[in-house]
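Engineer: Sharing a structure with you now.
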Amino acid sequence: MAPALGDGEFDNDDYYSLLNIRREATQEELKGSYRRLCMLYHPDKHRDPELKRQAEQLFNLVHQAYEVLSDPQSRAIYDIYGKRGLDVDGWEVVERKRTPVEIREEFERLQREREERRLQQRTNPKGVISVGVDATDLFDRYEEDYEDVPGGGFPHVEINKMHISQSIEAPLTTSDTAVLSGSLSTHNGNGGGNINVALRRVTSAKGWGEVEFGAGDTHGPLVGMKIFRNLTARCFVTAQCGLNFSSRGVRPSCTTMLARHLDKNTMGYLQWRWGTQSSMNTSIVRDTKTSHFTLAMQLGIPHSFMMMSYQYKFQDEDQTKVKGSIKAGFFGTVVEYGAERKISRHSVLGATVSVGVPQGISLKIKLNRASQTYFFPIHLTDQLLPSAVFYATVGPLVFYLAIQRLVIRPYVRAQKEQDLEKHRESSASDIARKRQEAESAVLLMQESVRRIIETEESKMGLIILNAWYGKFVTDNSQRHERAKVIDVTVPLQCLVKDSKLILTEATKSGLPGFYDPCVGEEKSLKVLYQFQGVMHQVLSPEGEALRIPKQSHRIDADT
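In the UniProt record's numbering, the protein residues as written are 1 to 559.
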């Protein structure tokens, strides 16, 4: 269901599911489903006052769904805003005489305006905290040198460098933004910091410009300018120039980068840097759904190198990635390998092992938490020791598995249960109403179902023997949980026509006679049916279309 104008709100009444039609259904399909349900729920078919009252409620609901979906303008508004978008009172939606295309354009315009208002209230903070650890004493020392030193039996591990940076953005207008950033660094007892202010203006849909002013005790005052411009639909360029005023004089610098889309997933970059460390760099980056590949080469002062890296992306809910790279140049050769994984909704944990000559062996641990990054480079040894490589590889893996089992999984499970409980409490009254409507619908279907069964039996057609909808517990690890299902045999039999049952991909809880027995949990529909005297069975996940009968659903005689 499409969201209404309120943030994050969704309508519970799915008209498409109620009428059992696709979202792309034609007017003929809509009319056919509407007539069928009208015949089922028409109040004049019932003499009992209570059944007549229930039939009238369901008839009106079906009629309301048909009125909305049969009108192109109302249907467009419903598809975009949901049911609340149709309630004009207090909601300035759009003129009802506009075409569906115009309505969608108006919706996008309203969305942009709402995003602009949000930007004015948001500072978008970003930060990086890096703590460097010197752990070379674990592998490089000689034990006999420390036998007579008090406390010499324990390796000495120390923090030798730290870096903290933070930036915030303050939207001034819809096209102007001020950025305030600062950083502090220390290395072996010596450190400094700087503060920068940048003013960015979006000049057009093709580009923007930025002016930067900075000051600090490490580089002195700084004045810079940066420009971004789209040259074509497939090519853009950035240019950055700056003047640094220090005790050694004025040091100018300039960087230009030209980028071009080589194909849908591949970018090519050419960068030129002029200043105290001049260089020319070219790279090709290919990013797909399952992999990320980079090939780069740099010629410059003081470093020239070639680098190749590859990252494989697993298609799992934890967004696991494994990566490897090799970099060789005048400084030596470095080989890196590692992995990263999503550990919670907003957190990603990664570890990389770096083996280089003459750099030695290091372990780099990184934690991304929303817009904050925590980085811990741990230098293990200056030599190429197999033991250091082994512990750098196995140690983080064992530690992660232990933390994942003992801390992360229990926390995530508890958090999900807490959110689910809140959702259930907030929707309890609505679920009770849906359940009552479903029970009323089942009562009204009894006579129609009896006639359908008689017709299907006479031609050995489709008979629904049993049908359940909800959460089924099949995993051995979940046997302590209780299945949460409802009997939907009658509603499904009522949908059988000409020995066929067709359900769309819409949520099944909105079908006549259905309701959601387990809010917020995964649901399925299990059907045991008979066709041409042969037993069939199928388990259909929520959100998937279902067509029966099918040959693949047959139950073998041995089974």
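Glycine included, each C-beta is placed from N, C-alpha and C at the ideal position.
Measuring alpha carbon to alpha carbon, tell me which of Val538, Ala178, Leu503, Glu417 ends up nearest Glu210.
Structural biologist: Ala178
Engineer: Can you find the residues in the same chain that come closer than 6 angstroms, C-beta to C-beta, to Arg433, ignoring five residues on each side of it along the sequence?
Structural biologist: none
Engineer: Report the start-end ranges of each alpha helix (DSSP H) in the segment 401–431 that is 4 residues or longer and not cut off at the edges.
Structural biologist: 409–426
Engineer: Can you list, in chain order, the residues of its chain whose CB lies under 7 angstroms from that of Val442, leaving out five sequence neighbours each side?
Structural biologist: Val490, Pro491, Gly513
Engineer: At which residue ranges does the segment 280–358 contain complete beta strand (DSSP E) runs of 3 or more residues, listed in the order of the chain?
Structural biologist: 291–300, 305–313, 321–329, 332–342, 347–357
Engineer: Using beta-carbon positions only, say whether Ser309 and Phe331 come within less than 9 angstroms of one another.
Structural biologist: no
Engineer: Would Gln319 and Arg341 qualify as a contact pair, given that the criterion is a beta-carbon distance under 9 angstroms?
Structural biologist: yes
Engineer: How should Lys550 be labelled, buried or exposed, when 16 other C-beta atoms within 10 angstroms of its C-beta is the threshold for buried?
Structural biologist: Lys550 comes out exposed.
Engineer: With distances taken from CA atoms, which of Met162, Ser70, Val133, Tyr15 is nearest Lys83?
Structural biologist: Of Met162, Ser70, Val133, Tyr15, the residue nearest in Cα terms is Tyr15.
Engineer: Thinking C-beta only, is Leu61 closer than 9 angstroms to Ile21?
Structural biologist: Ile21 is not a Cβ neighbour of Leu61, given a cutoff of 9 angstroms.
Engineer: Judging by CA-CA distance, which residue of Asp487, Val485, Ile463, Ser524 is the nearest neighbour of Ile548?
Structural biologist: Ile463
Engineer: I'd like the span of the beta strand (DSSP E) that includes Lys52, first residue to last.
Structural biologist: Segment 49–70 is the alpha helix (DSSP H) holding Lys52; no beta strand (DSSP E) there.
Engineer: I need the straight-line Cα distance from Ser505 to Glu24, nearest angstrom please.
Structural biologist: Position check: residue 505 holds Glu in this sequence, whereas Ser was assumed. Going by the C-alpha atoms only, they are around 11 angstroms apart.
Engineer: Assign Tyr78 to one of two classes, buried (16 or more other C-beta atoms within 10 Å of its C-beta) or exposed (fewer than that).
Structural biologist: buried
Engineer: DSSP beta-bridge partners for Ile77?
Structural biologist: Beta-bridge pairing links Ile77 to no other residue.
Engineer: Cutting at 7 angstroms between CB atoms, please list the residues of its own chain near Asn194, excluding the five before and the five after it.
Structural biologist: Gly182, Ser183, Gly214, Ala215, Gly216, Thr218, His219
Engineer: Considering only C-alpha positions, which residue in the set Ser344, Val237, Ala428, Lys327 is nearest to Ser354?
Structural biologist: Lys327
Engineer: Excluding the five sequence neighbours on either side, which residues of its own chain have a C-beta within less than 8 angstroms of the C-beta of Glu92, listed in chain order?
Structural biologist: Caution applies to Glu92, whose pLDDT of 44 falls short of 50 and renders its modelled position unreliable; the value that the coordinates give is listed next. Here the set comprises nothing.
Engineer: Which first and last residues belong to the alpha helix (DSSP H) in which Tyr41 is found?
Structural biologist: 27–41
Engineer: Select from Thr174, Met225, Ala296 the residue whose C-alpha is nearest the C-alpha of Val197.
Structural biologist: Met225
Engineer: Please determine if the segment 50–67 and the segment 445–454 are in contact, where contact requires at least 3 C-beta pairs separated by less than 8 angstroms.
Structural biologist: No, because fewer than three Cβ pairs between the segment 50–67 and the segment 445–454 fall closer than 8 angstroms, the two stretches do not touch.
Engineer: Along the alpha helix (DSSP H) that carries Val211, what are the first and last residues, could you check?
Structural biologist: Here Val211 belongs to no alpha helix (DSSP H); instead the beta strand (DSSP E) covers 207–216.
Engineer: Opposite Phe228 in the DSSP bridges: which residues?
Structural biologist: DSSP, once it has assigned bridges, lists Trp208, Thr238 as partnering Phe228.
Engineer: Determine whether the beta carbon atoms of Ile403 and Ser344 lie at a separation below 9 angstroms.
Structural biologist: no
Engineer: Roughly how many angstroms lie between the CA atoms of Glu454 and Cys38, to the nearest whole one?
Structural biologist: 21 angstroms
Engineer: Between Thr373, Leu222, Ser17, His261, which lies nearest to Val237 when the distance is taken from Cα to Cα?
Structural biologist: For Val237, the nearest C-alpha among the options comes from His261.
Engineer: By a C-beta neighbour count over all protein chains shown, 10 Å radius and 16 as the cutoff for buried, is Asn476 buried or exposed?
Structural biologist: Residue confidence for Asn476 is low, a pLDDT of 49 falling below 50, so the modelled location carries little weight and cannot support an answer.
Engineer: Might you give, ordered along the chain, the residues of its own chain that have their beta carbon closer than 6 angstroms to the beta carbon of Leu539, omitting 5 neighbours on each side?
Structural biologist: Ser524, Lys526
Engineer: Could you spell out where the alpha helix (DSSP H) holding Ser17 opens and where it closes?
Structural biologist: 15–19
Engineer: So, using beta-carbon positions, are Pro386 and Ser362 closer together than 9 angstroms?
Structural biologist: no
Engineer: At what residues does the beta strand (DSSP E) containing Glu492 begin and finish?
Structural biologist: The identity of residue 492 in the sequence shown is Leu, whereas the question assumes Glu. Not the beta strand (DSSP E): Leu492 falls in the alpha helix (DSSP H), residues 489–494.
Engineer: Let me confirm a value: Val488 is counted as buried when at least 16 other C-beta atoms fall within 10 Å, else exposed. Which label applies?
Structural biologist: By the 10 Å Cβ count, Val488 comes out buried.
Engineer: With a 10 Å radius around its C-beta and 16 neighbouring C-beta atoms as the bar for buried, classify Pro396 as buried or exposed.
Structural biologist: buried
Engineer: Go ahead and pull the three-state DSSP assignment for Lys264.
Structural biologist: In the structure shown, Lys264 sits in coil (DSSP, three-state: anything other than H, G, I, E or B).
Engineer: Can you give the Cα-Cα distance for His423 and Gly520, rounded to whole angstroms?
Structural biologist: Those two C-alpha atoms are separated by around 7 angstroms.
Engineer: Distance check for Ala259 and Asp287, CA to CA, integer angstroms please.
Structural biologist: 15 angstroms
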